[in-house]
Amino acid sequence: MRHLMRTAAFGRPSAHLAVARRQSLSSPTTSPDGRATSSPSCRFRPSHATQPSQTRDKSKRPPPPPLARRALPPALLLLYIITQLSSRLSLTSHPSADQALASPPPGTPPMASSATAAADPAPHVVDECRGVLFVYSDGTVVRRASPAFSPPVRDDGSVEWKDATFDPNHGLGLRLYRPRDDDHLPAGGERRKLPVFFYYHGGGFCIGSRTWPNCQNYCLRLAADLDALVVAPDYRLAPEHRLPAAIDDAAASLLWVAAAADPWLAESADLTRIFISGDSAGGTLAHHLAVRFGSAAGREELGPAAAVVGYVQLMPFFGGVERTPSEAECPDEAFLNRDLNDRYWRLSLPEGATADHPVANPFGAGAPELEEVEFAPTMVVVGGRDLLHDRAVDYAKRLKAMGKPVEVRDFEGQQHGFFTIDPWSDAADELMRVIKRFVDSDGRFD
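Under full-length UniProt numbering, the residue at position 296 of the sequence shown is numbered 296, and the numbers go up by one with no gaps.
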């Protein structure tokens, strides 16, 4: 099993926003390359001043001195000074080198004018996530459509897919994938009924989309290798929509599928064999769905025609105030490091909450009593080099101690999200085989 290349987490851009301000005639100005320069002082003297030792030939009189050197009425002099100042002052932005890699996209908030800069500073970046999400000091949020680190999409045509809307009120959609059955349709023309495999994307509840190439690649492979109908829903993202908004959206997408609200579901889905999966933040969503639909009320809400038979939590994004060893020892260059981990929670948790909040910590104060939950078989996948390793292992151990059907699959030496960073690596191949055995056996562990 070959090792994956380590991918550094994107750092926060150090935005150098130069705000123009009113300057004295002898004060420094800023050159176009961002260096401080000194502007010469303007000196004013009477137009008739000459050196005592010099005489002038009126026929060879030099041209009159510039306007600034001639005596002017006070009103014209003031107008001249204002004109010169306005030509020198400007509002500029000098991005640093790392901003060139992670600069905000077009449509960023307008900068403050020089007349109001002192009283109303220009908006500037205060939080950034992977060069995709930019949060400004005035609360404005700007997003890129997709990350710069996206891999190319590999679509060999063996899987067909389409988009559908499951929540028009919030403008939320999902993507459906299914293997092409054109050459294998029975005489009656009816399609095979396939297990339904949900995949909720990761991104710390702050970034990510079903449309991103890494998500597309992984779902194409899931549909082909598992021979399943794959469902990849979007959900509302923080900080515009803080938790538990994403949890509510995940539940809404499951209920939409359970109602067979799309022709593909009616044609191809075996709704009695639903599997819920997600990576990172998506794995956390899988936990919350297990809690909600593992109760008597949740099973009734899902309806008699649908059943969740298994959960696959891929490196679930759990939190807590106290550092675990894998968090404390995580290197700064890791794909998910402590700084980014803490930033995600700061942006996604309810205002004023800590990482021990129940949406982050399954065992935090106020979290549901998991002893009362009827868990379907749950597989927890962890990476040996993942910052989240210890929390996921502890989660599985606690559930197992409660008698829940939970198993851990530990991929030694693998970093966070290895299977979406490179969906065709040896480690990703092995993970796909593990998931396929789990699905084919309807949630039984080998």
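We put the beta carbon where it would ideally sit given N, CA and C, even for glycine. Bear in mind that the values here come from a model prediction, so they are computed numbers and not experimental data.
For residue i, the first and last residue of its enclosing alpha helix (DSSP H)
i: Gln216; result: Pro213 to Leu226
i: Pro325; result: Pro325 to Ala328
i: Asp390; result: His389 to Ala401
i: Gly278; result: No alpha helix (DSSP H) holds Gly278; the beta strand (DSSP E) holding it covers Ala269 to Asp279.
i: Phe438; result: Asp426 to Asp440
i: Phe419; result: Phe418 to Ile421
i: Gly173; result: Counting along the chain, Gly173 falls outside any alpha helix (DSSP H), though it belongs to the beta strand (DSSP E) covering Leu172 to Pro179.
i: Leu340; result: Arg338 to Ser348
i: Leu254; result: Ala245 to Ala258
i: Leu302; result: Ala296 to Leu302
Sequence-distant residues of its chain with Cβ nearer than 8 Å to residue i (five each side left out)
i: Ile180; result: Before going on, a small fix: residue 180 reads as Arg here, not Ile. Excluding positions up to five away in sequence, the list reads Gly157, Ser158, Val159 and Glu160.
N-terminal and C-terminal residue of the beta strand (DSSP E) that residue i is part of
i: Ala164; result: Val159 to Asp167
i: Arg409; result: Val406 to Phe411
i: Asp127; result: Val125 to Cys129
i: Gln313; result: Val308 to Leu314
i: Pro331; result: Pro331 -> no beta strand (DSSP E), and no H or E assigned at all.
Closest residue to residue i among the options (Cα-Cα distance)
i: His416; options: Arg444, Tyr395 and Arg385; result: Arg385
i: Pro358; options: Leu387, Pro316 and His288; result: His288
i: Met379; options: Gly171, Cys219, Ser441 and Val321; result: Ser441
i: Pro121; options: Glu128, Cys129, Tyr136 and Asp127; result: Tyr136
i: Arg130; options: Ala145, Asp279, Glu412 and Leu255; result: Ala145
i: Glu190; options: Leu265, Ala259 and Val196; result: Leu265
i: Val142; options: Lys436, Arg299 and Asp127; result: Asp127
i: Arg444; options: Gly413, Glu327 and Phe275; result: Phe275
Residue i burial status per 10 Å Cβ neighbour count (16 or more: buried)
i: Trp424; result: exposed
i: Asn169; result: exposed
i: Ala261; result: exposed
i: Lys397; result: exposed
i: Asp155; result: exposed
i: Pro325; result: exposed
i: Lys162; result: exposed
i: Asp332; result: exposed
i: Asp342; result: exposed
i: Ala334; result: buried
i: Val257; result: buried
i: Ser280; result: buried
Integer Cβ distance of residue i from residue j, believed to fall under 8 Å
i: Leu314; j: Val381; result: 5 Å
i: Phe205; j: Leu243; result: 6 Å
i: Pro233; j: Ala251; result: 10 Å between Cβ atoms; not a contact.
i: Leu226; j: Tyr177; result: Leu226 to Tyr177, Cβ: 10 Å. No contact.
i: Leu229; j: Ser268; result: 5 Å
i: Arg338; j: Val309; result: So it is not a contact: roughly 36 Å between Cβ atoms.
i: Arg236; j: Arg210; result: Not really, about 13 Å apart at Cβ, beyond 8 Å.
i: Val312; j: Phe438; result: 7 Å
Beta-carbon contacts of residue i that lie in its chain and below 6 Å, excluding the five residues immediately before and after
i: Gly282; result: Tyr200, His201 and Gly202
i: Ala355; result: Gly319, Gly320, Val321 and Trp345
i: Val291; result: Pro368 and Val373
i: Gly294; result: Val373, Glu374 and Phe375
i: Trp212; result: Ser146
i: Asp167; result: Ala252
Same chain, Cβ closer than 7 Å to residue i, neighbours up to 5 away in sequence not counted
i: Ala8; result: Confidence is the limiting factor: at Ala8 the pLDDT is only 34, short of 50, which leaves the residue's position unreliable, though a coordinate-based value still follows. Answer for Ala8: Glu333, listed in chain order.
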